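Trainee: What follows is a single structure, and I will ask about it in a moment.
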Amino acid sequence: MLEIRNLHARVEGGEILHGIDLSVKPGEVHAIMGPNGSGKSTLAKVLAGREGYQVTEGAVLFDGKDLLSMLPEDRAREGLFLGFQYPIEIPGVSNMYFLKTALNEIRKHRGQPELDAMDFLVLAREKMKMVEMDESLINRSVNEGFSGGEKKRNEIFQMAVLEPRLAILDETDSGLDIDALRVVSQGINALRREDRAMVLVTHYQRLLNYVVPDRVHVMIDGQIVRSGGKEFALELEEKGYVWLEEAEKARSY
Amino acid sequence: MAETADARHMYLSSYQQFEKSDAGRRHPWLRQLREDAVTRFERLGFPTTHDEGWRHTNVAPISKVRFRPAAHEFDGLTAPELGSFTFGDDDSCRLVFINGAYSGELSTASALPPGTHVKNLAAALETERALLEPHLARLASSEANPFVALNTAFLSDGAFVYIPPGTILDQVLHLVFLSSSRGEASVSHPRNLVLVGDDCQASIVESYGGLDHGVYFTNTVTEVVLGSNALLDHYKLQRESEDSYHVGTLQVLQERSSRLYSHSISLGGALVRNDLNTVMNGEGCDCTLNGLYVTRGRQLVDNHTCIDHARPHCDSRELYKGILDDQSRGVFSGKILVRKDAQKTSARQTNKNLLLSEEALANTTPELQIFADDVKCTHGATIGHLDEEELFYTRSRGIGAEAARTLLTYAFASDILGSVKFKPIQCQIDLVLLTRLSRGRN
């Protein structure tokens, strides 16, 4: 479903990604872990098409199509979803209007009829229950004045409504207390399907106690240095990243 | 300069003709007002960018054109055509003016509470002199603003609204001013007087629109007296042709504990200047001034406001927002005057500008003159572009780049639109704005 081949990317003059290779199949959940500044979030933004990130080498195929040549909105319409590390506040646009507009754009692209306000509300209510989101948030401006936990729930809620084929969740667990983490994880698990893939970008292992990944990758200095199964995450939790960073340094000498 | 002198001369000779023929000449007191005003205009002439208050706005485009007095007869408009300028408010009370002259046919009057007058000024001059003489041309200063002097010199028709004390008006009063140049540059000077008695509650909409895309100049003055404990919702919706010129003054006198909610929306006009002055002349007054200007092409919209905190314990809140595209310009100047004994004043002023192009320009000038010591006054201004993070977030959810820009631009104006309490007006402004925003970009 997602094929990343030798991806190099730079931002503001400096190269951050130095050749990423990653293959994700439908139904799989991959975790990308690594220390701060290793390029995890950059990878997520490059995949979603954030301006200012320049791909200098390599290719990304999404269902066999060239992802990097698509506009951000077309990536979303094709079924890619980025859960933001820091969800953006948009004063003056209601959550409801925002998400209904987005869903209908995606439905149009899929050749499905658009939903009217009533049908959308029924759908939204059902999905909000899944992430235990306060219903009043749907009428508020997008993320405006939301707590950290509410913003992350809102991301998972959006994902539930938009039903992407590939979700990249960037540090969705950061800043969550244990209850919110449990709820968000339940939401993610409920959305696991055999035709949907997920990439969890995370600094900590604790999310992976709730959402068990199929593959775990460690990214250091813009490269994936080691990959393993779900038990690899536990090893990382125990040993930290330093031994890998040192091994990486030793290797490059 | 010579051109300006020429233009002045042209208005003076046009005044001679007007004074000979206008029905108002039968009233000596009115003639005196007009004589004084024309003398003042002759002395002042058009303002230049050397005049404080006109530094950012060069009125040469107005003083250069030889505008003829607008033809009063206009029979080309039918009631359905009027529809796009109204709020589907056929049950409401509506006065329609074409090129400054009242059109009885297009106006509608619903049943008004006893003692309430909503009629054209020319008629009221004949029948309601006792009500209007003490106020007409006594509030807006001809000395401070040559355009007010010019308007008073040509004072002939407009709207007269009188609401007797203790009246709650349920329906909105809609004053519609439409211009048509019919190929010839023309000028009209609508003059309105609104008297809201003690303990009243009323909503008034002034709409300015164009019937064609010609060059015309609307020079309007509205004077408002708000009695004690009265509440007025005032809307000015200006959407004339983008080749037209519009200069308008709204002058309000607020008596004790009165509340003014003003909403000023400017969408049209090549050059637009709005002056909004309110004097809080009693304790416990409150005013909210909200403004929105949306410009493109080479439009210039200039909003000057002055809030005179003349008495203690008055609150004012002001929020003006501009959305500026292409090479257009927005000017905002907000003066807050807190007089010496106006203790416990609270005043808050904000001006925000959203630039949609690299060439659009915003000038913003707060002017706080505070002579009392126990006051709370704040002001702030911003000028910026659409937020890249917000755009990306929106697009990352599947919403196209253009739709995302329109959505976020609209969102920028949302708090102004949200403050419009009367739903049909909000819907109308919504519609005009959305059409404008989605059409304005390509």
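Quick mapping for you: the protein sequence lines, in order, are chains A and B. Letter by letter, the first sequence follows residues 3 to 255 in the numbering used here. Letter by letter, the second sequence follows residues 449 to 890 in the numbering used here. All C-beta atoms in this analysis are idealised placements derived from N, C-alpha and C, irrespective of residue type, glycine included. Predicted model only: the values in this text are computed from it and were never measured.
1. For a contact defined as C-beta to C-beta under 9 Å, what are the partners of residue 73 of chain A on chain B?
2. Should the segment 708 to 718 of chain B be regarded as contacting the segment 565 to 583 of chain B, the criterion being three or more beta carbon pairs within less than 8 Å?
3. In or out: residue 27 of chain A buried (at least 16 other Cβ within 10 Å) or exposed?
4. Using the Cα positions of residue 57 of chain A and residue 9 of chain A, report the straight-line distance between them to the nearest angstrom.
5. Grab the span of the beta strand (DSSP E) containing residue 775 of chain B for me, first residue to last.
6. By alpha-carbon positions, which one of B:795, B:596, B:846 ends up nearest to residue 485 of chain B?
7. Contact defined as beta carbons within less than 8 Å: I believe residue 667 of chain B pairs with residue 646 of chain B. What is the distance between those atoms, to the nearest angstrom?
8. Could you give the residue range of the beta strand (DSSP E) that holds residue 625 of chain B?
9. If you follow the alpha helix (DSSP H) that residue 153 of chain A is part of, which residue opens it and which one closes it?
10. What does a CB cutoff of less than 8 Å around residue 878 of chain B pick up in its chain, not counting 5 residues either side in sequence?
11. Starting from the beta carbon of residue 93 of chain A, find every residue of chain B whose beta carbon is closer than 7 Å, and list them in chain order.
12. Tell me whether the beta-carbon of residue 689 of chain B lies closer than 7 Å to the beta-carbon of residue 658 of chain B.
13. Find the residues of chain B that neighbour residue 90 of chain A, judging by a C-beta separation of less than 9 Å, and give them in chain order.
14. Taking any Cβ of chain A, which residues in the segment 861 to 878 of chain B have a Cβ under 7 Å from it, in chain order?
15. Between which two residues does the alpha helix (DSSP H) harbouring residue 64 of chain A extend?
16. Go through its chain and collect everything with a Cβ distance to residue 806 of chain B's Cβ below 6 Å, but skip five positions before and after it.
17. Please confirm if residue 70 of chain A has its CB atom under 7 Å from at least one CB of chain B.
18. Looking at the secondary structure, which residues open and close the beta strand (DSSP E) in which residue 38 of chain A lies?
19. Using C-beta distances below 6 Å, list every residue in its chain close to residue 774 of chain B, excluding the 5 sequence neighbours before and after it, in chain order.
20. What are the start and end residues of each continuous beta strand (DSSP E) run of 3 or more residues lying completely inside the segment 189 to 220 of chain A, in chain order?
21. Is residue 564 of chain B helix, strand or coil when you go by DSSP?
22. CB residue 207 of chain A to CB residue 233 of chain A, shorter than 7 Å?
23. Would you please verify whether the beta carbon of residue 84 of chain A is less than 7 Å from any beta carbon of chain B?
24. Along chain A, which residues have their Cβ under 9 Å away from the Cβ of residue 856 of chain B?
25. Just confirm the distance between the C-beta atoms of residue 838 of chain B and residue 90 of chain A, as a whole number of angstroms; I'd bet it's less than 8 Å.
26. So which residues of chain E does residue 11 of chain A contact, with C-beta pairs closer than 7 Å?
27. What does DSSP give as the partner residue(s) for residue 545 of chain B in the beta ladder?
28. Please name the residue in B:832, B:498, B:748 whose C-alpha comes closest to that of residue 509 of chain B.
29. Do you know offhand how far residue 32 of chain A's Cα is from residue 179 of chain A's?
30. Using a Cβ-Cβ cutoff of 8 Å, what residues of the segment 152 to 166 of chain A are near chain B? List them in chain order.
31. So is residue 146 of chain A in contact with chain B if we call contact Cβ pairs under 7 Å?
32. Report the rounded CA-to-CA distance for residue 888 of chain B versus residue 245 of chain A, giving the unit in angstroms.
33. Among the candidates A:108, A:120, A:210, whose CA atom is the shortest distance from the CA of residue 160 of chain A?
34. Could you have a look at residue 111 of chain A and say whether DSSP puts it in helix, strand or coil?
35. Going along chain B, which residues have a C-beta under 8 Å from residue 108 of chain A?
36. With H, G and I counted as helix, E and B as strand and the rest as coil, what does DSSP make of residue 847 of chain B?
Mentor: With the structure as the only source:
1. The residue you call residue 73 of chain A lines up with position 71 of the first sequence. Per Cβ cutoff of 9 Å: 843, 848, 849.
2. These segments do not touch.
3. As a first step, residue 27 of chain A must be located in the first sequence, where it is residue number 25. Label assigned to residue 27 of chain A: exposed.
4. As a position in the first sequence, residue 57 of chain A is number 55, starting the count at 1. As a position in the first sequence, residue 9 of chain A is number 7, starting the count at 1. Roughly 7 Å separates the two Cα atoms.
5. On the second sequence, position 327 is the one that residue 775 of chain B refers to. No beta strand (DSSP E) holds residue 775 of chain B; DSSP gives it neither H nor E.
6. For the purposes of this step, residue 485 of chain B is taken as the residue at position 37 of the second sequence. It is B:596 whose Cα lies nearest to the Cα of residue 485 of chain B.
7. On the second sequence, residue 667 of chain B is found 219 positions in, with the first residue counted as 1. On the second sequence, residue 646 of chain B is found 198 positions in, with the first residue counted as 1. With a Cβ gap of about 32 Å, residue 667 of chain B and residue 646 of chain B do not count as contacting.
8. Numbered from 1 along the second sequence, position 177 holds the residue referred to as residue 625 of chain B. Residues 621 to 627.
9. By 1-based counting over the first sequence, the position of residue 153 of chain A is 151. Residue 153 of chain A -> alpha helix (DSSP H) spans 150 to 164.
10. Taking the second sequence and counting its residues from 1, one reaches residue 878 of chain B at position 430. Cβ neighbours of residue 878 of chain B beyond the five flanking positions: 865.
11. Reading the first sequence from its first residue, position 91 is the one you call residue 93 of chain A. Neighbours of residue 93 of chain A on chain B, chain order: 859.
12. The residue labelled residue 689 of chain B in the question sits at position 241 within the second sequence. The residue labelled residue 658 of chain B in the question sits at position 210 within the second sequence. Result yes, Cβ atoms of residue 689 of chain B and residue 658 of chain B sit closer than 7 Å.
13. Within the first sequence, the letter at position 88 stands for residue 90 of chain A. Residues of chain B passing the Cβ test: 835, 837, 838, 840, 841, 842.
14. 862, 863
15. Within the first sequence, the letter at position 62 stands for residue 64 of chain A. That residue, residue 64 of chain A, is in no alpha helix (DSSP H); its beta strand (DSSP E) goes 55 to 64.
16. Residue mapping note: residue 806 of chain B aligns to position 358 of the second sequence, counting from 1. The same chain holds no residue with a CB closer than 6 Å to that of residue 806 of chain B once the five nearest residues on each side in sequence are set aside.
17. Position 68 of the first sequence, counted from the first residue, corresponds to residue 70 of chain A. No, residue 70 of chain A does not count as interfacial toward chain B.
18. If you number the first sequence from 1, residue 38 of chain A lands on position 36. Where residue 38 of chain A is concerned, there is no enclosing beta strand (DSSP E), given that its DSSP letter is neither H nor E.
19. Numbered from 1 along the second sequence, position 326 holds the residue referred to as residue 774 of chain B. The answer, listed in chain order, is 744, 745, 805.
20. 199 to 204
21. To locate residue 564 of chain B, count along the second sequence from 1; it is residue 116. In the structure shown, residue 564 of chain B sits in coil (DSSP, three-state: anything other than H, G, I, E or B).
22. Locating residue 207 of chain A in the first sequence gives position 205, counting from the first residue. Locating residue 233 of chain A in the first sequence gives position 231, counting from the first residue. Against a cut-off of 7 Å, the Cβ pair of residue 233 of chain A and residue 207 of chain A comes out as no contact.
23. Counting from one through the first sequence, the residue named residue 84 of chain A turns up at place 82. At a cut-off of 7 Å between beta-carbon atoms, residue 84 of chain A makes contact with chain B.
24. As a first step, residue 856 of chain B is located in the second sequence; it is residue number 408 there, counting from the start. The contacting residues are 92, 94, 95.
25. Within the second sequence, residue 838 of chain B is the residue found at index 390, counting from 1. Within the first sequence, residue 90 of chain A is the residue found at index 88, counting from 1. At roughly 5 Å, the Cβ-Cβ gap stays under 8 Å, so residue 838 of chain B and residue 90 of chain A are in contact.
26. No chain E appears in this structure, whose protein chains are A and B.
27. Within the second sequence, residue 545 of chain B is the residue found at index 97, counting from 1. For residue 545 of chain B, which the question treats as bridged, DSSP gives the partners B:550, B:625.
28. Walking along the second sequence from the start, residue 509 of chain B turns up at place 61. Measuring from the Cα of residue 509 of chain B, the nearest candidate turns out to be B:748.
29. Taking the first sequence and counting its residues from 1, the one referred to as residue 32 of chain A is at position 30. Taking the first sequence and counting its residues from 1, the one referred to as residue 179 of chain A is at position 177. Rounded to the nearest whole angstrom, the C-alpha separation of residue 32 of chain A and residue 179 of chain A is 23 Å.
30. 160, 164
31. Start at 1 with the first residue of the first sequence, and residue 146 of chain A comes out as number 144. Chain B, which has no Cβ nearer than 7 Å to the Cβ of residue 146 of chain A, makes this no.
32. Sequence index remark: in the second sequence, residue 888 of chain B carries index 440 (1-based). Sequence index remark: in the first sequence, residue 245 of chain A carries index 243 (1-based). Because residue 888 of chain B carries a pLDDT of 49, less than 50, the predicted location of this residue cannot be relied on, and the following value inherits that uncertainty. Rounded to the nearest angstrom, the gap between the Cα atoms of residue 888 of chain B and residue 245 of chain A is 58 Å.
33. The residue given as residue 160 of chain A occupies position 158 in the first sequence. For residue 160 of chain A, the nearest C-alpha among the options comes from A:108.
34. To locate residue 111 of chain A, count along the first sequence from 1; it is residue 109. Three-state DSSP puts residue 111 of chain A in a helix.
35. The residue you call residue 108 of chain A lines up with position 106 of the first sequence. Here the neighbours are 846.
36. For the purposes of this step, residue 847 of chain B is taken as residue 399 along the second sequence, with counting starting at 1. Coil.
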